[in-house]
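Residue numbers (my numbering), protein chains in the order written: chain A, 1 to 383; chain B, 1001 to 1383; chain C, 2001 to 2383; chain D, 3001 to 3383.
The beta carbon of each residue, even a glycine, is placed where N, CA and C say it ideally should be.
This report refers to the structure that appears directly beneath it.
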C-alpha cells in the first residue's frame, strides 16, 4: 500500500514506525502486565504531536489528513493496541468537538486536546446497551436556562481512568443529547475496570453520573442531534482508528510469524518449511495487503468526504479486525508453545485482537450494517 | 476502488461494462451450453480493440496501461469467465512477443494479434506436469542452423480450438526453449476438450506435436531463457487477467445475490432480512472491495515496474479466486433452489469460479510461492 | 463408525457398497450427462429391495431399521447423489403413509412402494415458497362428502418425472391438508426441469394442478394435521437420507482425493507430499469420521424414538452437506485441472454437493432451526 | 452422545459433572489469577479417585475404561482446562508405567499415583524440540551396571511444579531411553513457568538435569524402546485426555453462549434473535455433538484395542481443539464486551482453548500425521 502514499505520508510513516519501535514495542508487554500506560509515555506522545494529529494547526494540532492519521494508528497498532486506543478516543472526542462544538467550546477544549495536555474519552456505551444507541438510559433532565442534570452509567470507557474530559451521550426526554464533562465534575465517579482479556493497559473505566450539573455551555450541538449528527463523527474516527490498529497488529503477527518460521527449527527442519505452516503464512501476508488497502481506501474516502466513506470504514474495520484475530491465532500456532508465553508478542496479540473485533461495534453489528447497505443497493439494481 | 482511477480509466471502465452488459451477459449462458464462443463475438471484441488492449499503438494495439487492462478483464469477468479467458491468453502471448520477440517476429505477429485477426494461445501445461515447469517433457531437437524438430504434448490449452498461433514452451536438451507455432504447422494436431466443469466456452484443447519443423525464425528469445525470462512475462499477465476475471465474477455474485436478497420473499419475509443471509452478504461485499484493491495494486505495480509486482499479482490472484469460489457458493445459497438452475447466472458462476482457483497456478501453488517470498523476507527481519 | 454397527448392519453395508461399486459408480457420469436414471436401474434397486427398505415386511418391505437405511443412503451417495435422491423421496412418501395413512391407503399404496413397482414423490415445495411451509399456496377447495378440488403449483419435485404417486401438501382454507395423487389424475400436468447444476439425473419436475378431483379416500390424515404431523415424518426421513447421501459423497471426495494424492506426481513430487495439500486431506478425513458419527447418531435416535431425533437429524444434515461442499471443492484442487473434467468423479461431486446444501432445507434454514432449539435450551439453563 | 453410554457410564458422568459444578466452576477463575491449583483441590480429586481413574483396582485405582476416563476429562474441561491437565499427565505417567514398568516399578509407583498421593509429570518436550521426538537432546550416559547419568533440559512440563515423579525421555547414545525420576533427585532443578496465555494454573515448569544419577531400577523398559513403545502409550492417553478436555471447554462455550443469547438484550432485542448470532450458535452446537462423538469413538477404539485407535485419537484431538478455539472466539462475540472480562468464563476459555491446539502436538503436526495415514490408505485403494 506504500506506493499509494505521497512522499510526505511515507516520511511520516517512517517516523511513526521508528517511534513505535523505540518507545512502544520494547515495553508494551510491561504495560500489559501493569494494566497501565505510564504517564511519561502519554507525554511523549503529546510532545510528538500524536495526540492532536487530526486537529488543525489553528488549535495547536498537526492538521494531518486522515490517511496520515491511519498510518499513525497502524504504526502504533504494531506495538500496542492498548496504547493505540488512546489515539482512538482522543480523535473521537477532538473531531466531534471540532465539527459540532461552538467557538467557545472549541477554544476551551481543542488546544489542550491538540497538545495532549488533556485526554478526551468518549462516553457512549452503557451497561445494558451493547451497540444499540436508541436504548441509551443516561438521562439529561432539564435544569433551566439550557442547563441539565445528568444521571446514568457508562461502561467500558477507554482511558476513562486518565481522561480529563468526557464526551457524554444520553437522552433529554426523547431527544438525544451530548455534553462535555470535565473529570472533576461533582457527582461523577470513575471506577477502573481491570482483569480484561486484552487492551489491559487501556485504562478502561465505569462512570456513574449522580445528579451532575451540566451548564448550558457544556452542551454540544443541538438537542436531538447527538445520535444522528455528533456521534457518527466520532464513530467514523473510532472505526478508522480501530481498523488501522488492527492492521498494525496484523502486520505484527505476520512479521513475528515469518521471522519465527524462517529461523526456528523443529528437529532438522525449519518451521517455515512445512506446507501446513506455509498455507497459514500465505493467507496472513495476503490479508495484511488486503487490510492495508481497505484501510487506505477508507481514510482517503474520509479525506475526500465521499458518501461511501462510512461503508468503507465499516469494511476496513470488519475485515482488519477479523483478519487480526485469525492471524494472531495462526501466529501462536507457528510459534508453538513459546507463543503462549508473555515473552512472545504473539501471545498478547492473540488477546488484544479479540477486543478489536468487539470495540467500536462487534463484527456481527458490522455485518448487520454492511448487509443493510449492500441489500439496499441491491434493491436499486434489481428494479 | 473507483476513486483510485484516473478520469480516463473510469471512462474506459464505463465502456467496458456497457459492452459486457449488452453483448456478453445476455448470451453467456448460451455459450456455456454450446461449449463455444461464437466467431462473431470474437470479431466484436477485436473491433472494439479489446484483443490488442496492451499492445502499443505502433503495432495497432490500444496501448492501455495494465490498470486499464485489469478493468477490461474485470468487466468481462462479470459476464463470462470463459470469454475473459480469451483476453487472458491473447495478452499472455502478445506481451511475451512484445518483450522478447525480435523485430521480425514482432512485425509478423503483433499487428494481427493487436487487431484480433488472430488469437494467440499459450501452450505451457502438459499432461504430466501440473504447475511444475522444470518437468516439461516437450522436446525441441536440433534441426541444424538454429532450427528444431518439436515433439510432445500440451493440454488444457485455453482457446486452443481457435488460436492461430501457439506460444510453445519446452526443452532443447537442458535449455528451456520457446517458439511461435502457426496453427497450420505440419505435425500439429489439435483435439478439443469438452465436458468441463466450468470455462466450458473457452475452447480448450489438447495439442500433439509430431516432429513439427520449427525454423530458426520462429524461436523466441535465446535458448535457456524460456522459463526464466519469457514465461514469467506471460504468466504475470495471465495472473493479473485471471485475478481481475475472478474479481468480475465475484462482483457478479454480489450483485446477483443482493438483488435477490432484496426482492425475493420466503413466506412473508424478504430473503435479505435473515441474519444468516446478512452475514454472507456482508462478507461478500467486503471481499469485492478487498479483491478490487488487490487487483488494482497488482496492476499499478506492474505499470510502475516495481519489483513487488510479481508478489502482488500472486496475492491478487490467490485472494480473488478464492473469494470468488466462496462468494459463488454463498450466492447459490441466497438464491436457493432457483440458483441451481442454468437460468440463474450464479449457477454458472459456481462452476466457473472453481476453474479460476486452478488455472494460472492453483491456490496451493500460490500458497507455496507466497510463503516462500514472505518467509525469505521474514528471515531478513529476523537477523 | 463401523465399530458402532451390529454384525448384520455391517454385512448389509458391505452388500450396499458392493452394489454401488458394480451398478452405480461406473455409470453415474453417464446418467448425469443424460439427465436421467435408466428405468432398468430403478428396477434393479426395486429387485434388491432398496426402494422398500424402511417399510415393514407385512407390506413387502425390508423392515430395516433407520441405521441400515442410513447405510444404504451413504453407500449410494458415494456413487450418485442423484440416484440416492430416489431413495430419499421413496422413504419420505412411504413412511408418511405408513404412519398416517388409514388401513385402506396403506393396502393400496405400500406394497407397490415397498416392491418398488411405483415411485412416490413428495410434493411440498412451491415456486414462491422456499422452505416456509406456512406460506403454501396450493389450495384444496371443498368438493363435498370429504372430497376436494386441488389447484396450485409445485416445483423442484425430485423424481417427479418418474413418480407414480405424489404426496401433495396444501391448504384447505386455514387447515393444512395432504393427499395422495396418482400420476394419471386428470388436471395434473408434469413438466420436467432440466439444466440443473447438480442432481441432473434426479428427474425433477414442476407440477401443475388444475381443478384436480381428490376423492375423500385420497386424503391423508385429518385436515389441519398435514404440516404439524404428516410432513414432519417425511421431512425427518428426507433429512436423514440427504445427510447420509452427503456423507457418501464426502467419502467419495476423500477416497478420490487421497488416491490421487498418493499416486499423482507434479514434477518429481507426489501431490500428497505438499503440506498445503496435507492440510486439506487431514480436514477431509476428519470430517468423514465426524459426519459418519453424526449420521449414525441421528439414525439411532430415530430408531429409539428419542425426542432429540429431530435435532440430531438437523445437525447431521447441516454438518454433512457443508462438509461435502467443502470437501468437493478441495478434492478438485487436489486433482488439479483433471478434476475439472467430467471424467473425474470429483467434478460431479462438486456440482452435486451444492444441491445437498439446499434440498430438504438450506443450511441457513438449518441454522435458524438449530439455533432456536439451542437457545431455548440455553434459556432453561440460564434461569 | 449420551445414548451411546452404558447406564454405569451415564451415572459416572453425572457424578463427574456434579463434582465440577460444585468444586471447580466457581473457583476456576481464582486459580487462573493465582496461577495455581490449591493443594486442597488436588487432594479432593485424589479422594474422589479421579487421579487413579484408569489404573486397575489391584494398585488402588478405579479401573475405569477409557470411555469413562474420557467422560471424566470432559466434565473437568467444562470447569478448568488447567486442572484437567492434571488428569492428563497423571494418566500419561500411570498408564506408561502400568504397561511398560516391571513389577517392582509398578509396586513402587502405581499405588501412590492411583491414590493421588503423588502426581506424575511427563517430561518429554525440550526447549529446542517442538514436537519432533527424534531430535531430543537429553542424554543418558552410561553409569555402569545398567545405571545412567542424566543431563539435559525439559520445558513446558505440566504440573512440573507439583509432581513427585517425572517420566523422563531422552537418548542413551542412539537408543531412546526413559526413566522415572523422583522430585528429590540430586541434580534436578525445577523452575516454574508463569505468565502463560492459558493453562495458567497448570503449574508448568522447566526442568534441568545436571548429572543426575539414574539407578538401573529407575530405567523404564528396554533401551531403544522409549520412543517407539513407551511414549506412544502416554501420548495416546495425552491426546484422548486433551481431546475430551477440549470437548468440555467447547460445551462450556456453548452453554455460556446460549444462556447469554437467551437472556441478554441489546436494546429491545434478545442477542439470540439476531441471525448473525444464530449462525454462530448453530455451528457451535453441532460441533459439540460432532466432537463428542469423535471423542467417544476414540475412547471406545482404545478400549477395544483397535488398530485405528491411534488415528481416532488424532482426529478427536484435532477436531475438538480447533472447534474449541473457534467456539471460544464466537462465545466472546456473543457475550460482547462483558465476555472480555475475567468475570466471564468465556474470557478464560478463549485463552485456554488456544493451548489445547498446541499441547500434545499442534494442529499442524496432527495434519501431518493424519494426512500421512490417509494418503497411505489412499495409495492402497488406488492400486
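**OP:** Measure the alpha-carbon distance for residue 300(A) versus residue 1295(B) and round it to whole angstroms.
**Re:** One C-alpha to the other measures close to 18 Å.
**OP:** Closer than 9 Å by beta-carbon distance: list the chain B residues that pair up with residue 23(A), in chain order.
**Re:** None at all; the shortest Cβ gap to chain B is about 19 Å.
Subject >> Bridge partner(s) assigned by DSSP for residue 3161(D) >> reply: Residue pairing by DSSP places residue 3161(D) in no beta bridge whatsoever.
Subject >> Per-residue DSSP class, three states only, for residue 156(A) >> reply: Shown here, residue 156(A) sits in a strand according to DSSP, grouped into three states.
Original post:
Which full runs of the alpha helix (DSSP H) of 4+ residues lie inside the region 17-103 of chain A, going along the chain?
Top reply: If we require 4 residues or more, the alpha helix (DSSP H) runs fully inside the region 17-103 of chain A come out as 28-34, 39-47, 66-79 and 81-100.
**OP:** Starting from residue 1139(B), follow its DSSP beta bridges and name the residues at the other end.
**Re:** Looking at the DSSP assignment, residue 1139(B) forms a beta bridge with 1151(B) and 1171(B).
Subject >> Coarse secondary structure for residue 1284(B), derived from DSSP in three states >> reply: If DSSP states are grouped into helix, strand and coil, residue 1284(B) belongs with the helices.
**OP:** Please state whether DSSP places residue 2265(C) in a helix, a strand or coil.
**Re:** Three-state result, residue 2265(C): strand.
Original post:
If you compare alpha carbons, which of 3303(D), 3265(D), 3271(D) and 3237(D) is closest to residue 3359(D)?
Top reply: When each option's Cα is compared against that of residue 3359(D), the closest is 3237(D).
**OP:** Quick one: measure Cβ to Cβ for residue 2380(C) and residue 2203(C), integer angstroms, because I've assumed they're closer than 8 Å.
**Re:** No, residue 2380(C) and residue 2203(C) are not in contact; Cβ-Cβ is about 45 Å, not under 8 Å.
Original post:
the region 1064-1092 of chain B: which residues have C-beta closer than 8 Å to a C-beta of chain C, in chain order?
Top reply: Listed by position along the chain: nothing, the set is empty.
Original post:
When DSSP labels each residue in this structure, what does residue 361(A) get in the three-state scheme?
Top reply: Assigned with DSSP and collapsed to three states, residue 361(A) falls in coil, not helix or strand.
Original post:
From the DSSP output, which residues share a beta bridge with residue 1963(C)?
Top reply: The requested residue 1963(C) does not occur in the structure, where chain C is confined to residues 2001 to 2383.
Original post:
Who are the neighbours of residue 2102(C) on chain B, taking C-beta pairs under 9 Å?
Top reply: Those do not exist, as residue 2102(C) stays about 31 Å from chain B at its closest Cβ, beyond 9 Å.
Original post:
How far does the alpha helix (DSSP H) with residue 1322(B) in it reach, from first residue to last?
Top reply: Note, residue 1322(B): alpha helix (DSSP H), 1309-1335.
**OP:** Mind checking which residues open and close the beta strand (DSSP E) that includes residue 119(A)?
**Re:** Annotation for residue 119(A): no beta strand (DSSP E) segment contains it, and DSSP assigns it neither H nor E.
Original post:
If you compare alpha carbons, which of 173(A), 144(A) and 206(A) is closest to residue 161(A)?
Top reply: If we check each option's Cα against that of residue 161(A), 206(A) comes out closest.
Subject >> Proximity below 8 Å, CB of residue 3297(D) to CB of residue 2375(C) >> reply: Cβ distance not < 8 Å, so residue 3297(D) and residue 2375(C) don't count as in contact.
Original post:
Do the region 65-82 of chain A and the region 236-250 of chain A meet, that is, are 3 or more Cβ pairs less than 8 Å apart?
Top reply: With a cut-off of 8 Å, the region 236-250 of chain A and the region 65-82 of chain A count as touching, because enough Cβ pairs lie within range.
**OP:** Please name the residue in 311(A), 151(A) and 226(A) whose C-alpha comes closest to that of residue 189(A).
**Re:** Comparing Cα positions, the closest option is 151(A).
Original post:
DSSP puts residue 2967(D) in a beta bridge; with which residues?
Top reply: Nothing in the structure corresponds to residue 2967(D), since chain D is present only between 3001 and 3383.
**OP:** Could you tell me whether the region 272-285 of chain A touches the region 59-68 of chain A, where touching means 3 or more Cβ pairs closer than 8 Å?
**Re:** Note that the region 272-285 of chain A does not touch the region 59-68 of chain A; fewer than 3 beta-carbon pairs, one per stretch, sit closer than 8 Å.
Subject >> Burial state of residue 2033(C), where buried means 16 or more other Cβ atoms lie within 10 Å >> reply: When all chains shown are included, residue 2033(C) counts as exposed.
Original post:
Given 8 Å as the limit, is there contact between the region 2243-2260 of chain C and the region 2073-2093 of chain C, that is, 3 or more CB pairs closer than that?
Top reply: Enough Cβ pairs lie closer than 8 Å, so yes.
Original post:
Comparing the C-beta of residue 1360(B) with each C-beta of chain A, is any distance below 8 Å?
Top reply: Chain A, which has no Cβ nearer than 8 Å to the Cβ of residue 1360(B), makes this no.
Subject >> Neighbour list for residue 1363(B) in chain D, Cβ cutoff strictly below 7 Å >> reply: Correct list: empty, because the minimum Cβ distance to chain D is about 17 Å.
Original post:
Closest Cβ-Cβ distance between residue 2279(C) and chain A: below 8 Å?
Top reply: Interface residue, yes.
**OP:** For chain A, find out if any of its Cβ atoms is closer than 8 Å to the Cβ of residue 1263(B); answer yes or no.
**Re:** It does: the Cβ of residue 1263(B) has a partner Cβ on chain A nearer than 8 Å.
Subject >> Residue-chain proximity (residue 351(A), chain D), Cβ-Cβ < 8 Å >> reply: Taking 8 Å as the threshold, the shortest C-beta distance from residue 351(A) to chain D falls below it.
Original post:
How long is the line joining the alpha carbons of residue 1166(B) and residue 1183(B), rounded to whole angstroms?
Top reply: If I take the Cα positions, the gap works out to 7 Å.
Original post:
How many angstroms separate the CA atom of residue 1108(B) from the CA atom of residue 1077(B)?
Top reply: So the two alpha carbons sit approximately 30 Å from each other.
Original post:
Within 10 angstroms of its Cβ, does residue 1200(B) collect 16 or more other Cβ (buried), or is it exposed?
Top reply: By the Cβ-count criterion, residue 1200(B) is buried, with 16 or more other Cβ atoms from all chains shown falling within 10 Å of its own Cβ.
Original post:
If we call anything under 8 Å between Cβ atoms a contact, is residue 3333(D) one with residue 255(A)?
Top reply: No. Outside cutoff.
Original post:
If you count every other CB in all the chains shown that lies within 10 Å of the CB of residue 305(A), and 16 or more means buried, which is it?
Top reply: The Cβ neighbour count for residue 305(A), taken over all protein chains shown within 10 Å, is under 16; the residue is labelled exposed.
Subject >> Where residue 1199(B) sits in the DSSP three-state scheme >> reply: Of the three classes helix, strand and coil, the one that applies to residue 1199(B) here is coil, per DSSP.
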